[in-house]
Amino acid sequence: MAEIRMEGLVKTYPGGTERATDDVSLDVADGEFVVLLGPSGCGKTTLLRMLAGLEFPDAGKITIGGEDVTYRAPQDRNLSMVFQSYAVFPHRTVRANIGFGLAMRKVPAAQIAQKVAWAAELLQLTPYLDRYPAKLSGGQRQRVAVARAIVMDADVLLMDEPLSNLDALLRLSFRAELKKIVQDLGTTTVYVTHDQGEALSLGDRVAVMRTGRIVQLGDPLEVYDRPADTFVGGFLGSPPMNFLPATVHDGQLSVAGHARPAPAHLQGHSGDLVVGVRAEHIGISGINDTDGTNGIEARVDVVEPTGSAVLLTTSVGAGPGPAVLKVSAPPTFRARPGDTVRLDLAPDALRYYDAETQLALEP
Amino acid sequence: MTKSLDTGVPAGTEPTASGPADVDRAPLRRHRRNRALIQLGCIAVTLFMALPLYLVALAAFTSRSALDRFPLSLLPTDLSTETIGRFLASTGILASLGNSLIVGFGALVLSTVVGVPAAYALARYAFRGKDSYQLFLLFTRALPIVVLSVPLAQLFLSAGIYDTTYAVILLHGALALPTTILITASVFVSVPVDVEEAARVFGCTPAQAFRHVVAPMALPGIAAASIFTFVLSWNEVLGASILTLNRRTLPAQVLTSLNESPLAYRFAGGFALVVPALLFIAVMRRWLTNMWGTTIR
Ligand SMILES: Nc1ncnc2c1ncn2[C@@H]1O[C@H](COP(=O)(O)OP(=O)(O)O)[C@@H](O)[C@H]1O
Ligand SMILES: [Mg+2]
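Chains as they are written, first to last, in my numbering: chain A, 14 to 376; chain B, 743 to 1039.
Next up, the structure:
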């Protein structure tokens, strides 16, 4: 077990014009679970591969447990990894696959057998130990890949989208299992995913990446609740955060034709900005309900019951470009396309972003 | 063969008589007819290949007197080891059989040791001149063996290895190199880089990763290439005849004595030429097609 420190990692692939990672610095504490989250192509895998030693940075430094490993070979870093494609060895049995790393380290056979039995038990692979991977399902192969990684007692565990090839149901159940296993192991873990749900549910901290840079680093709820810019807000959450154009004038904030006093930290501000609000923070009531007098009127376009809620796509304001708002209503809420509803934006759920830079305007 | 052509309707799922009566069975009948036709085709091709082998073997194991009889029996009625025995006992045959085996395996080792690393480099790395290198590889095969052998004979004479098995091994190894490289390279390409990287992460040096993971996964390709090399060497006559005088390989030996030998010996010679190559292929077949509980991917 060890802490990881990445400093100013720059990597440009040969023949590439853009930097795959652009001056990334990130510290991962001993035993911490950090998730790298971002859209495809933002450099998550590149960062992970530099940690693993499968790729060398052009500039920057990586230390693991205080040792400089920047240019060390993968086998000299004492880490283990779960690959997106599983990368199990097809010519070896499940047993030999799981024990591979230990066998390479010349661990005594009895000890390997004991470790393999433990991991197989943990991942429900015991009945399959003597099979070849070709005779396993995708989920089972994934378990083999995880078992192979956890028997190593490595300093660092790296995972590159380990769940992305599983079907939705399996992904959910295995996600919870994985969380428990890694928690019990207490190994320092860096986990790469493009799935925001996975990131929020697994990570102690989440690092959101975009075009080779970390744009926000924080614990999952903070990242979800206070996105550092509109990109993060739009990437996290399902549905993503709603964004509405707004203006501030003379201490008055006007959103979708609805004026209210601006919050304290925007009092000095004047001009255009962007307001972000999560679907579940928007109150909704029927147009004839008497209490909703100060809400924004909106037209319902699409109604999607999800079981636990009803997701409404509404448009606010008339004219050529009405703003679209996704609203998560209670499951009992009834509406039909074409209905008019009243939306209530709770002031403390609103986030404010600069119209130019898209960066959060913090209090 | 027929198994892989199966269209995937598993046995035992055919509709039973108790099912609904109005099922359209025409597609099923067509499916069965196509399957029967394919099997027929396979049998025809097999016969085409096997019949000459059978006739050669039959003649080799028939006594000379029986061979001259008319009409010739196509069934193994009177077998005798007289012909093949005499053939094997004649001067130079056993020695040349030994030479052929030495040369065959020598060429195999040489082309594998040189060719597999080259193939790996072709498959894994981008380097300057890669395409021209691949083209250049095939040039050895573009030159007729005779053209190649005469200057080689001179070279080997001055190097003092003329009329040795080494000379022939060098020639055959070089001739087999292009196919070895191209066949194994295409298999290395199909070994996922991920799997190799996993081996690295789990403690292998590059050489260990190759030995423990990449090479076993490329085994079918290496087996195919080695069959190619061995059979090429086993059948190659011209170069072997030019580069040797006394240490002839089997085909070269048979060829030189062909004109003076009676018909029966020719059959025996043919049989002796075919069998070792067939045995070799039969042994290598195991690695060629059977991979860890699956058929080849
Ligand atoms: N082997 C490579 N050669 C050249 N460019 C690459 C290579 N791998 C990735 N890239 C580029 O680097 C960027 C980051 O890729 P990657 O780290 O794989 O992203 P992610 O894992 O976040 O999807 C992408 O623009 C991608 O096209
Ligand atoms: Mg990736």
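We put the CB at the ideal spot given by N, CA and C, even for glycine.
beta-carbon residue i near ligand 2 non-hydrogen atom, thresh 7 Å
i: A:V205; result: yes
i: A:T25; result: no
i: A:T34; result: no
i: A:T58; result: yes
i: A:D173; result: yes
Spatial distance of residue i from residue j (CA atoms)
i: A:A130; j: A:V101; result: 18 Å
i: A:G305; j: A:G296; result: For A:G305, the predicted model reports a pLDDT of 49, less than 50, meaning its position is unreliable; a value from the coordinates is still stated below. So the two alpha carbons sit approximately 9 Å from each other.
i: A:T58; j: A:K24; result: 12 Å
i: A:A275; j: A:V41; result: 38 Å
i: A:L230; j: A:V236; result: 7 Å
i: A:F110; j: A:L286; result: One point to set straight first is that residue 110 of chain A is Asn, not Phe, in the sequence displayed. Cα to Cα, the separation comes out at about 55 Å.
i: B:V858; j: B:L913; result: 18 Å
i: A:G308; j: A:K339; result: 15 Å
i: A:T83; j: B:L852; result: 40 Å
i: B:P1004; j: B:T986; result: 25 Å
i: A:G320; j: A:P344; result: 7 Å
i: A:A368; j: A:R226; result: 21 Å
i: B:A1024; j: B:V1016; result: 12 Å
i: B:A982; j: B:A1014; result: 18 Å
i: A:R312; j: A:A336; result: 11 Å
i: A:R392; j: B:T991; result: Residue numbering for chain A in the displayed model covers 14 to 376; residue 392 of chain A lies beyond these limits and cannot be assessed.
i: B:P813; j: B:L885; result: 46 Å
i: A:Y141; j: A:Y99; result: 16 Å
i: A:G152; j: A:L179; result: 6 Å
i: A:V47; j: A:R218; result: 5 Å
i: A:F256; j: A:L191; result: 34 Å
i: B:L974; j: A:E211; result: 57 Å
i: A:E45; j: A:G51; result: 19 Å
i: A:A116; j: B:L997; result: 54 Å
i: A:A15; j: A:F96; result: 21 Å
Alpha helix (DSSP H) segment containing residue i, residue limits
i: B:H914; result: T907 to S932
i: A:N110; result: V107 to M117
i: A:M63; result: K57 to A65
i: A:I163; result: G151 to I163
i: B:I992; result: The amino acid occupying residue 992 of chain B in the given sequence is Leu; Ile does not appear at that position. Unbroken alpha helix (DSSP H) run through B:L992: L992 to L1000.
i: A:A348; result: Note, A:A348: premise wrong, no alpha helix (DSSP H); not H, not E.
i: B:I903; result: Taken as a continuous stretch (DSSP letters only), B:I903 belongs to no alpha helix (DSSP H), as it is neither H nor E.
i: B:L974; result: L961 to N977
Residue i: first and last residue of the uninterrupted beta strand (DSSP E) it sits in
i: A:T326; result: V323 to V329
i: A:L136; result: Unbroken run through A:L136: none, as it is neither H nor E.
i: A:V316; result: I309 to P318
i: A:T353; result: T353 to L358
i: A:V47; result: F46 to L50
i: A:I297; result: I295 to G299
i: B:I984; result: Per DSSP, B:I984 belongs to no beta strand (DSSP E); it is in the alpha helix (DSSP H), L980 to L985.
i: A:L338; result: A336 to A342
Residue i Cβ short of 7 Å to ligand 1 heavy atom set
i: A:G29; result: yes
i: A:G250; result: no
i: A:G114; result: no
i: B:S842; result: no
i: A:G54; result: yes
i: A:G247; result: no
i: A:G51; result: yes
For residue i, the residue or residues it bridges with in DSSP
i: A:S93; result: A:L170
i: B:L885; result: Beta-bridge pairing links B:L885 to no other residue.
i: B:K872; result: Bridge partners of B:K872: none, in fact.
i: A:K24; result: A:T34
i: A:T201; result: A:V169
i: A:D367; result: A:L286
i: A:I125; result: DSSP output for A:I125 lists no bridge partner at all.
i: B:E939; result: Answer by DSSP bridge pairing: none, since B:E939 is not bridged.
i: A:A373; result: A:Y366
i: A:D1; result: Shown here, chain A extends from 14 to 376; a query on residue 1 of chain A therefore has no answer.
i: A:R18; result: A:D40 and A:T76
i: A:Y145; result: For A:Y145, which the question treats as bridged, DSSP gives no partner whatsoever.
i: B:Y867; result: None, per the DSSP bridge assignment.
i: B:Y1045; result: Examination of residue 1045 of chain B is not possible in this model, given that chain B is present from 743 through 1039 alone.
Going along the chain, which unbroken runs of the beta strand (DSSP E) with 3 or more residues stay wholly within the region 777–863 of chain B?
none
Give me the subset of the region 150–161 of chain A whose CB atoms are less than 9 Å from a CB atom of chain C, sorted by chain position.
Looking at the structure shown, chain C is missing, and the protein chains on hand are A and B.
Fully enclosed by the region 207–292 of chain A, which beta strand (DSSP E) runs are 3 residues long or longer?
218–223, 226–231, 255–262, 265–268, 271–274 and 284–290
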